[in-house]
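Residue numbers (my numbering), protein chains in the order written: chain A, 1 to 232; chain B, 1001 to 1232. No residue lacks a Cβ here, since even glycine has one placed at the ideal position from N, Cα and C. Structure first, commentary second.
Here it is in structure tokens:
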């Protein structure tokens, strides 16, 4: 699989060959989370993103009904180029599919929210090990007690992702990720999971747990799964 | 005491009224460690600083025999304007004094090495609490297992200072201190004291220990006391 070039990778996803998490893929390129929201709720969602940029950095907002973002990539079709889609109705997960061509709503707006996977290439280039990639796992994600600023009907707490980072590499990790504000920027917490309401680091709310070494501490970044937690 | 204005503060020190550590004083201004080295050893020392910029960022090197730096402050006399001097001979501490006018060697070179106290104003302005200042203590400093790059006869390990920082403020601390390369820049270790060879955080090699809160982790910065450790 050619997972270095975004156009090639999108074609692989479009064909249905790949439906996993995308950490470790297309290093050095921007990655995003996709949210498709009814037009009636889109203003609240847009305002929520504006007020909670750390968790919800907006990379692109499509025209109503459009699956074709203008500012990210060429020949992108959001109905087929995402590995997996979760379809919710009234806050309940209805189905998970790998193609939403038949389900794409004409009265909705597609939002692309930056993802911390965007920073992976720069972190790896700097010699920082990324456990989840090494172990071929999705990153662990956790609900926190960090309150987002409400917008209209939307309110709730931030979700964070976690990376174990060597204590002597933490400064470098912060310096690098701080350069990517559209991918959640620097961490919201370093060490002390309980400081943000995480009681069991080995039991994430999404993704897969990773083991910690004695010379590592957990580094928590705001996560694009936050709106999913809010909307549910 | 006017401890906001460097010129006023230097006059207070010169008068002998103040001989303590200078953290928390003259916020927003550059602070330095002073080393006065025999001319015969000055090349090795200069090279050591060049090769170990993180621990020994050189702010100023005076002319041989001069106690008057050209690039930092007006009306500065290094023989009287430092709160306390330790005089070493053959690696042994001979005496500690508050004025070295009568001891100043004419065959030596004065080096001013940046100090992490320089960052305190910016950290406090950002709302980060600094325990040592709050408790009116000197910062705790530790020998580490981080090897400096040798230069001539000079070799040994880095010394670090420690600040307890709230886990949710660590990224901000790194972002701010990284902007001050002449004051040791970002931390060399965050959490995991044992990762750099520190076994007992409550037992520093220099300075005074400070207590840690459950939502804080230790943040270690390279320290200008490193040459003292090397020279001894």
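Asked, Found
"What does residue 187 of chain A reach in chain B if we use C-beta pairs closer than 8 Å?", "1170, 1171"
"Would you check if the distance between the CB atom of residue 1235 of chain B and the CB atom of residue 1121 of chain B is smaller than 9 Å?", "This structure leaves residue 1235 of chain B out entirely; chain B is present only between 1001 and 1232."
"Indicate whether at least one CB of chain B lies closer than 9 Å to the CB of residue 115 of chain A.", "no"
"On the DSSP letters alone, give me the boundaries of the beta strand (DSSP E) that residue 222 of chain A sits inside.", "216-222"
"Is any beta-carbon of chain A found at less than 9 Å from that of residue 1216 of chain B?", "yes"
"At a CB-CB cut-off below 7 Å, which residues of chain B make contact with residue 175 of chain A?", "1174, 1178, 1186"
"Taking C-beta pairs closer than 7 Å, name the residues in chain A that residue 1167 of chain B reaches, listed in chain order.", "189, 190, 191, 192, 195"
"In the structure shown, what three-state DSSP assignment does residue 121 of chain A receive?", "helix"
"Measuring CA to CA, which of B:1179, B:1130, B:1142 is closest to residue 1163 of chain B?", "B:1130"
"Under 8 Å, with one C-beta from each stretch per pair, do the stretch 1211-1231 of chain B and the stretch 218-226 of chain A reach the 3-pair mark?", "no"
"Taking buried to mean at least 16 other C-beta atoms within 10 Å of its own C-beta, is residue 1068 of chain B buried or exposed?", "exposed"
"Once you ignore the five residues that flank residue 1086 of chain B on each side, which residues in its own chain have a CB closer than 7 Å to its CB?", "1093, 1096"
"Cutting at 6 Å between CB atoms, please list the residues of its own chain near residue 1119 of chain B, excluding the five before and the five after it.", "1177, 1180, 1183"
"Work out the CA separation of residue 1065 of chain B and residue 1203 of chain B for me, nearest whole Å.", "38 Å"
"Is DSSP giving residue 1144 of chain B helix, strand or coil here?", "strand"
"Assess, as a yes-or-no matter, whether the stretch 1051-1058 of chain B is touched by the stretch 1130-1139 of chain B under the definition of 3 or more beta carbon pairs within less than 8 Å.", "no"
"Where residue 1108 of chain B and residue 123 of chain A are concerned, what is the direct C-alpha to C-alpha distance, given to the nearest angstrom?", "45 Å"
"Per DSSP, what kind of secondary structure is residue 249 of chain A in: helix, strand or coil?", "Outside the modelled stretch of chain A, which goes from 1 to 232, sits residue 249 of chain A, for which no answer is possible."
"Suppose contacts are defined by Cβ-Cβ distances below 9 Å. Is residue 159 of chain A in contact with residue 205 of chain A by that definition?", "yes"
"Using the Cβ count rule (16 or more neighbours within 10 Å means buried), how would you classify residue 1023 of chain B?", "buried"
"So, with DSSP's three-state summary, where would you put residue 1189 of chain B?", "strand"
"Would you check if the distance between the CB atom of residue 1078 of chain B and the CB atom of residue 1061 of chain B is smaller than 9 Å?", "no"
"Would you say residue 1033 of chain B and residue 1154 of chain B are within 9 Å of each other, going by their C-beta atoms?", "no"
"Terminal residues of the continuous alpha helix (DSSP H) containing residue 1176 of chain B?", "1170-1177"
"Jot down the residue ranges of each uninterrupted alpha helix (DSSP H) in the stretch 1030-1085 of chain B, minimum 4 residues, whole runs only, in chain order.", "1039-1051"
"Going by Cα to Cα distance, which pick from A:13, A:39, A:26, A:218 is closest to residue 115 of chain A?", "A:26"
"Out of A:18, A:199, A:21, state which residue places its alpha-carbon closest to the alpha-carbon of residue 142 of chain A.", "A:199"
"Between residue 1167 of chain B and the rest of its own chain, which residues show a CB-CB distance below 8 Å, the 5 nearest in sequence each way excluded?", "1215, 1216, 1217"
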